[in-house]
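2 protein chains.
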Amino acid sequence: MEKEISQAVIRRMPRYYRYLGELLEEGVERISSNDLSHRMMVTASQIRQDLNNFGGFGQQGYGYNVKYLYDEIGKILGLNETHNIIMIGAGNLGQAITNYVKFERFGFIITALFDVKPSLKGQTVRDIPIYMMDELDDYCKKNKVDIAALTLPKEKAEDTAQHLVNLGIRAIWNFAHVDLDLSDKSVVVENVHLSDSLMQLSYNIVKNSK
Amino acid sequence: MEKEISQAVIRRMPRYYRYLGELLEEGVERISSNDLSHRMMVTASQIRQDLNNFGGFGQQGYGYNVKYLYDEIGKILGLNETHNIIMIGAGNLGQAITNYVKFERFGFIITALFDVKPSLKGQTVRDIPIYMMDELDDYCKKNKVDIAALTLPKEKAEDTAQHLVNLGIRAIWNFAHVDLDLSDKSVVVENVHLSDSLMQLSYNIVKNSK
Numbered sequence: 001m002e003k004e005i006s007q008a009v010i011r012r013m014p015r016y017y018r019y020l021g022e023l024l025e026e027g028v029e030r031i032s033s034n035d036l037s038h039r040m041m042v043t044a045s046q047i048r049q050d051l052n053n054f055g056g057f058g059q060q061g062y063g064y065n066v067k068y069l070y071d072e073i074g075k076i077l078g079l080n081e082t083h084n085i086i087m088i089g090a091g092n093l094g095q096a097i098t099n100y101v102k103f104e105r106f107g108f109i110i111t112a113l114f115d116v117k118p119s120l121k122g123q124t125v126r127d128i129p130i131y132m133m134d135e136l137d138d139y140c141k142k143n144k145v146d147i148a149a150l151t152l153p154k155e156k157a158e159d160t161a162q163h164l165v166n167l168g169i170r171a172i173w174n175f176a177h178v179d180l181d182l183s184d185k186s187v188v189v190e191n192v193h194l195s196d197s198l199m200q201l202s203y204n205i206v207k208n209s210k
Numbered sequence: 001m002e003k004e005i006s007q008a009v010i011r012r013m014p015r016y017y018r019y020l021g022e023l024l025e026e027g028v029e030r031i032s033s034n035d036l037s038h039r040m041m042v043t044a045s046q047i048r049q050d051l052n053n054f055g056g057f058g059q060q061g062y063g064y065n066v067k068y069l070y071d072e073i074g075k076i077l078g079l080n081e082t083h084n085i086i087m088i089g090a091g092n093l094g095q096a097i098t099n100y101v102k103f104e105r106f107g108f109i110i111t112a113l114f115d116v117k118p119s120l121k122g123q124t125v126r127d128i129p130i131y132m133m134d135e136l137d138d139y140c141k142k143n144k145v146d147i148a149a150l151t152l153p154k155e156k157a158e159d160t161a162q163h164l165v166n167l168g169i170r171a172i173w174n175f176a177h178v179d180l181d182l183s184d185k186s187v188v189v190e191n192v193h194l195s196d197s198l199m200q201l202s203y204n205i206v207k208n209s210k
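This is the structure we're talking about:
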């Protein structure tokens with residue numbers, strides 16, 4: 001049986017991936033856990049502990065091979081596969097995320113946007129078509145969709161998510177201002193709450209000004 | 001001396017605030033930690049522990065007064081004060097966040113955007129003016145700025161952040177794809193990495209498909 005890895009560890013993995021990617025860009029081939037720890041501002045023992053969850057990757061005294069570790073963490077994160085994303089909501093946020101081409105480098109491809117606003121019908125964002133919501137069912141039947149991103153009002157988020165699950169979508173990237181609580185717990189949900197992060201910032205401002 | 005509260009607790013506070021806000025909208029006046037726990041999908045003891053960091057707020061056997069707890073958590077998060085935000089970068093993401101009026105309800109007011117693209121000069125987003133970057137110093141001298149939000153390429157993020165700190169800005173909400181490492185550690189930084197959240201989603205997709 002596979003060991004359950006905590007979400008706290010998983011949350012740190014993209015950060016490792018990001019830092020290793022920067023090291024690669026700089027042409028660094030090998031790094032000790034101490035140097036990596038200094039750069040990432042976490043303890044070396046934290047790094048060793050985190051990576052041991054996946055079997056280690058380091059050789060005592062030799063540090064980590066950057067390219068190998070980068071690729072292995074990429075595989076752990078599923079970045080060796082392509083994920084098709086549809087964007088539900090083609091307002092500013094939906095269009096902003098669609099324009100963020102950097103995701104494509106990691107295998108996340110936005111294939112279509114959907115909205116209810118008739119004036120958006122037939123328009124495109126970076127050549128990616130905007131469809132009307134009543135075309136969603138048909139689209140999902142004819143195309144492979146791995147992830148639905150929700151950038152729509154919170155009042156519509158729950159029902160729309162449920163509808164997407166009924167259409168066979170197994171993963172939701174939710175920007176609506178609500179924690180999605182789907183009846184099918186095997187559906188993967190990642191909530192991005194921008195206000196939460198702003199409030200955390202605000203807490204630390206108040207704390208620092210004391 | 002005030003007790004240092006862990007960032008893990010702080011990260012959960014906006015979520016409490018959000019759920020209590022929903023209860024208020026529904027007209028709920030009082031809630032037990034058990035009911036709140038059920039709704040938020042965390043344990044009741046976690047809730048009691050978290051809130052005890054700030055002195056409790058509950059009466060044994062009587063549960064929590066929703067309005068009171070909502071207001072108190074709002075104060076803890078600094079939401080009883082207004083925070084002026086400038087947006088550095090008026091591309092899609094900068095404009096999307098500026099259009100997200102919901103932040104204003106919590107006292108976060110975007111007062112200006114800045115960009116280097118000459119075609120944006122003199123334009124507005126929701127009547128909020130877009131200025132050119134060479135007007136930044138003057139703007140910061142004449143206006144109260146609490147938070148700078150960065151939606152600009154990662155190559156420019158570090159230098160721009162340092163420049164903002166030199167102008168007296170004490171808090172940075174960073175959307176650039178890099179962890180800001182400022183020399184002045186008293187500056188509050190909150191990094192929002194959208195790719196990280198997408199990678200976490202992808203990890204859970206792979207895990208579930210096994």
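So the sequence lines, in the order shown, correspond to chains P and A. Just so we're aligned: the first sequence equals residues 1 to 210 in the UniProt record's numbering. Just so we're aligned: the second sequence equals residues 1 to 210 in the UniProt record's numbering. No residue lacks a Cβ here, since even glycine has one placed at the ideal position from N, Cα and C.
Asked                                                                                                                 : Found
Pairwise C-alpha distance: A:Arg48 and A:Leu194                                                                       : 31 Å
Sufficient close CB pairs (3 or more, under 8 Å) joining the stretch 77-85 of chain P to the stretch 35-52 of chain P : no
From P:Ala112, P:Gly107, P:Asn84 and P:Phe108, residue whose alpha carbon lies closest to that of P:Gly94             : P:Ala112
Chain P contact for A:Pro129 (CB, 8 Å cutoff)                                                                         : no
Proximity of A:Ile110 and A:Ile130 at Cβ, strictly below 8 Å                                                          : no
P:Ile128 and P:Thr98 closer than 8 Å at C-beta                                                                        : yes
Beta carbon proximity, A:Gln95 to chain P, threshold 8 Å                                                              : yes
Residue nearest to A:Leu167 in terms of C-alpha spacing, selected from A:Trp173, A:Leu36 and A:Asp146                 : A:Asp146
Any chain P beta carbon closer than 8 Å to A:Val206                                                                   : yes
Classification of A:Glu155 by the beta-carbon crowding that lies within 10 angstroms, buried from 16 upward           : exposed
8 Å Cβ cutoff, P:Ser195 in contact with chain A                                                                       : yes
A:Asn174 classed as buried or exposed, judged by whether at least 16 other C-beta atoms fall within 10 angstroms      : buried
Within-8 Å CB hit, A:Met1 to chain P                                                                                  : Residue placement at A:Met1 is flagged as unreliable, the pLDDT there being 39, under the threshold of 50; the coordinate-derived value follows with that caveat. So no, A:Met1 is outside the interface.
A:Lys117 versus A:Phe106, A:Thr124, A:Arg105 and A:Met132, residue with shortest Cα-Cα distance                       : A:Met132
Nonlocal neighbours in the same chain, by C-beta distance under 7 Å from P:Ile205, ignoring five residues either side : none
For P:His83, the three-state DSSP class (helix, strand or coil)                                                       : strand
Nearest residue (CA-CA) to P:Gly63, options P:Glu104, P:Phe103, P:Ser33 and P:Val188                                  : P:Ser33
Cβ-Cβ separation, A:Ser209 to P:His83 (assumed contact under 8 Å), whole Å                                            : About 12 Å separates the two Cβ atoms, so there is no contact after all.
Sub-8 Å separation of A:Val189 and A:Leu180 beta-carbons                                                              : yes
For A:Ala96 and A:Arg126, the rounded distance between their alpha carbons                                            : 11 Å
Same chain, Cβ closer than 6 Å to P:Val178, five either side skipped, listed in chain order                           : Lys154 and Ala157
Test: P:Pro118 CB closer than 8 Å to a CB of chain A                                                                  : no
Through-space distance from A:Lys102 to A:Glu135, alpha-carbon basis                                                  : 28 Å
C-beta neighbour in chain P for A:Glu190, strict 8 Å                                                                  : yes
Residue environment, P:Ala8, which counts as buried when at least 16 other CB atoms sit within 10 Å                   : exposed
A:Tyr17: contacting residues in chain P (beta-carbon distance under 8 Å)                                              : Met199
Local conformation of P:Ile31 per DSSP, three classes                                                                 : strand
Within chain A, the residues that P:Arg170 reaches when beta carbons sit closer than 9 Å                              : Ile205, Asn208 and Ser209
Three-state secondary structure (DSSP) of P:Met1                                                                      : Confidence at P:Met1 is low in this model, with a pLDDT of 39, below 50, so the placement of that residue should be treated as unreliable; the coordinate-derived value is given next. Reduced to three states, the DSSP call for P:Met1 is coil.
Chain-ordered chain A contacts of P:Tyr100 [CB-CB under 9 Å]                                                          : Asn92, Leu93, Leu194 and Ser195
The beta strand (DSSP E) enclosing P:Leu150, as first and last residue numbers                                        : Ile147 to Leu150
Residue ranges of each alpha helix (DSSP H) within the stretch 38-74 of chain A, 4 or longer                          : 44-52
Assigned secondary structure, A:Ala161 (DSSP; H/G/I helix, E/B strand, else coil)                                     : helix
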